[in-house]
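Undergrad: In this text, residue positions in the sequence shown follow the numbering used here: the first is 36, and each later residue adds one.
Ideal Cβ placement from N, Cα and C applies to all residues, glycine included.
I'd like to ask some things about the structure below.
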Amino acid sequence: MDGKTKTGDVHMRALRLPDWKSEPEMVEVDQPTPGPGEVVVKIGGAGACHSDLHLMHDFEAGTVPWNPPFTLGHENAGWVHALGDGVTGLEQGQPVAVYGPWGCGTCARCRVGVDPYCENPAAAPVPGGGGGLGLDGGMAEYMLVPDDRHIVPLPEGLDPVLAAPLTDAGLTPYHAIRRSWAKLGPTSTAVVIGVGGLGHVGVQILKATTAARVIAVDTREEALKLGQECGADLTMLSGADTAEEIRRATGGRGADVVLDFVGADPTLALGAAAARTVGDLTIVGIGGGTLPVGFFSVPYEVSIQTTYWGSRPELVEVLELGARGLVKPKATTFALEDAVSAYRKMQDGTMEGRAVIVP
Ligand SMILES: [Zn+2]
Ligand SMILES: [Zn+2]
36 MDGKTKTGDV HMRALRLPDW KSEPEMVEVD QPTPGPGEVV VKIGGAGACH SDLHLMHDFE
96 AGTVPWNPPF TLGHENAGWV HALGDGVTGL EQGQPVAVYG PWGCGTCARC RVGVDPYCEN
156 PAAAPVPGGG GGLGLDGGMA EYMLVPDDRH IVPLPEGLDP VLAAPLTDAG LTPYHAIRRS
216 WAKLGPTSTA VVIGVGGLGH VGVQILKATT AARVIAVDTR EEALKLGQEC GADLTMLSGA
276 DTAEEIRRAT GGRGADVVLD FVGADPTLAL GAAAARTVGD LTIVGIGGGT LPVGFFSVPY
336 EVSIQTTYWG SRPELVEVLE LGARGLVKPK ATTFALEDAV SAYRKMQDGT MEGRAVIVP
């Protein structure tokens, strides 16, 4: 791998979403050039996220405060290609990851690197979005990053192809798990529901950063096999009595932490039924389900929360786990021309782990 680029190219290929409720198309666009404070990254890998399928098929005008057209790809890594005026501390060819959520940069949340919860989204490059989410993302040869604070240098030995999925498929479960660390001691049990693009990395992160026992739950046998490969202590094919099975496996207590990477009605119901008193039920998947919460509907003192992406300091930590081989997303690479077929495999549930587009 190298950071060298062809010179003289002014066009590049990009996979763009032309409109809501439409399929992405491969088009020729102008190569970006960086303005003051901006950085252009030569893309080494761009992860294909399940949420992109929602962008293509489910979202419509008004769902989010931004609109197509834009280039897809919100989990990106590669090499610094060009620096705008005033950018210091980065060198051309240096391997980097792109922190994906882009807030205003000056509010209390952004100042501590928690851009997903920016308190002044109107002042962000695009409200509530980022590259691949309203602005041009990484499914192209080059990507414009509008502020050098979103560039995170890769630790020694981490390939951009593996770093790319770590910026979302790694960072999102890492954030969800990290906030529950206090409940994940050696006598604890964590349940991961949905061993897909995020869930399989979630299992690895639990094993790498906690002493808790990990139970992986999915409806697909192949996903359970992946969960096992990632270090799950126990796997369960999801069914009518899965909550009972989890209780049996935990001496009747239930799970200290349930991470729902699906977020549909049945998985939320399972999470609530399997959680231990004073446990955490964290909804990461955007499956659109709902869960009735009332005095008798969930065990006492169970905390229920959604999480969205993660912070910049947490990305630094996830990349470190990646560089040390403790977290390694199962990545299948696709050429940019084949990105559409990667999304098709994700749609029909036959993609194992994470698809990474390598332009
Ligand atoms: Zn994503
Ligand atoms: Zn902000």
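Quick one: does the C-beta of D315 sit closer than 8 Å to a heavy atom of ligand 4?
TA: As for ligand 4, it is missing from this structure, which binds only ligand 1 and ligand 2.
Undergrad: Count the other C-beta atoms from every protein chain shown that fall within 10 angstroms of the C-beta of E176, then say buried if there are 16 or more, exposed otherwise.
TA: Counted from its first residue, the sequence shown places residue 176 at position 141. So E176 counts as buried.
Undergrad: What three-state label does DSSP hand M91 in the structure shown?
TA: Position 56 of the sequence shown holds residue 91. Here M91 sits in helix by DSSP.
Undergrad: Any chance the CB of A204 is under 8 Å from a heavy atom of ligand 1?
TA: The residue given as residue 204 occupies position 169 in the sequence shown. Yes, the beta carbon of A204 sits closer than 8 Å to at least one heavy atom of ligand 1.
Undergrad: Measuring only the C-alpha atoms, how far is G72 from D183?
TA: The residue you call residue 72 lines up with position 37 of the sequence shown. The residue you call residue 183 lines up with position 148 of the sequence shown. Their Cα atoms are separated by approximately 6 Å.
Undergrad: With DSSP run on the structure shown, which of helix, strand or coil describes G302?
TA: Start at 1 with the first residue of the sequence shown, and residue 302 comes out as number 267. Note on identity: in this sequence residue 302 is Thr, with Gly being the wrong assignment. Note: T302 maps to helix in three-state DSSP.
Undergrad: Can you give me the Cβ contacts of T302 inside the same chain, cut-off strictly under 6 Å, excluding the 5 residues immediately before and after it?
TA: The residue given as residue 302 occupies position 267 in the sequence shown. Cβ neighbours of T302 beyond the five flanking positions: I228 and D295.
Undergrad: Consider the Cβ of D87: report whether some Cβ of chain D lies at a distance smaller than 9 Å.
TA: Given the protein chain composition of this structure (a single chain), no chain D is represented.
Undergrad: How do the region 131-139 and the region 153-166 stand: do at least 3 beta-carbon pairs fall below 8 Å, yes or no?
TA: Flag = yes, the region 131-139 and the region 153-166 touch.
Undergrad: Bridge partners for D54 per DSSP, in chain order?
TA: For the purposes of this step, residue 54 is taken as the residue at position 19 of the sequence shown. Bridge partners of D54: none, in fact.
Undergrad: Can you tell me the Cα-Cα spacing of L50 and T202, whole angstroms?
TA: On the sequence shown, residue 50 is found 15 positions in, with the first residue counted as 1. On the sequence shown, residue 202 is found 167 positions in, with the first residue counted as 1. So the alpha carbons of these two residues sit roughly 19 Å apart.
Undergrad: On the DSSP bridge assignment, give the partners of L179 in chain order.
TA: For this step, residue 179 is matched to residue 144 along the sequence shown. DSSP lists V75 as partners of L179.
Undergrad: Would the beta-carbon of R144 be found less than 8 Å away from any heavy atom of ligand 2?
TA: Taking the sequence shown and counting its residues from 1, the one referred to as residue 144 is at position 109. R144: yes, Cβ under 8 Å from ligand 2.
Undergrad: Counting Cβ pairs, one atom from each stretch, are 3 or more of them under 8 Å apart for the region 239-253 and the region 360-373?
TA: Because the criterion of three Cβ pairs below 8 Å is met, the region 239-253 and the region 360-373 touch.
Undergrad: Rank A243, P334 and V230 by C-alpha distance to the C-alpha of A278 and give the top, closest one.
TA: Locating residue 278 in the sequence shown gives position 243, counting from the first residue. Cα-wise, what sits closest to A278 is P334.
Undergrad: Output needed for L197: all residues of its chain with C-beta closer than 7 Å, excluding positions within five of it in sequence on either side, in chain order.
TA: The sequence position of residue 197 within the sequence shown is 162, counting from 1. Taken in chain order, the residues that qualify are G357, K363, P364 and A366.
Undergrad: Is A246 closer than 9 Å to L219 when the C-beta atoms are compared?
TA: The count along the sequence shown starts at 1 and reaches residue 219 at position 184. The count along the sequence shown starts at 1 and reaches residue 246 at position 211. Against a cut-off of 9 Å, the Cβ pair of A246 and L219 comes out as a contact.
Undergrad: What does the alpha-carbon distance come out to for the pair T40 and L316?
TA: As a working mapping, residue 40 is identified with position 5 in the sequence shown. As a working mapping, residue 316 is identified with position 281 in the sequence shown. For T40, the pLDDT reaches just 44, beneath the cut-off of 50, and the residue's location in the model is therefore unreliable, leaving the point undetermined.
Undergrad: Here's a check: name, in chain order, each residue in its chain whose Cβ is nearer than 7 Å to the Cβ of P190, leaving out the five neighbours to either side.
TA: As a working mapping, residue 190 is identified with position 155 in the sequence shown. Excluding residues within five positions, the ones whose Cβ falls inside 7 Å are L354, E355 and A358.
Undergrad: What number of angstroms, rounded off, separates the C-alpha of V319 from the C-alpha of A225?
TA: On the sequence shown, position 284 is the one that residue 319 refers to. On the sequence shown, position 190 is the one that residue 225 refers to. Each residue's Cα considered, the two are about 14 Å apart.
Undergrad: Answer with buried or exposed for S223, where buried requires no fewer than 16 other C-beta atoms within 10 angstroms of its C-beta.
TA: Position 188 of the sequence shown, counted from the start, is the residue given in the question as residue 223. It counts as buried.
Undergrad: By the three-class DSSP mapping on this structure, what secondary structure does G262 have?
TA: The residue labelled residue 262 in the question sits at position 227 within the sequence shown. Looking at G262 - three-state DSSP - the assignment turns out to be helix.
Undergrad: Quick check: is any heavy atom of ligand 2 less than 8 Å from the C-beta of P162?
TA: Position 127 of the sequence shown holds residue 162. No; taking the cut-off as 8 Å, the Cβ of P162 has no heavy atom of ligand 2 nearer than that.
Undergrad: May I ask you to list the residues that DSSP assigns as paired with F105?
TA: Here residue 105 refers to the residue found at position 70 when the sequence shown is read from its first residue. Partner(s): L52.
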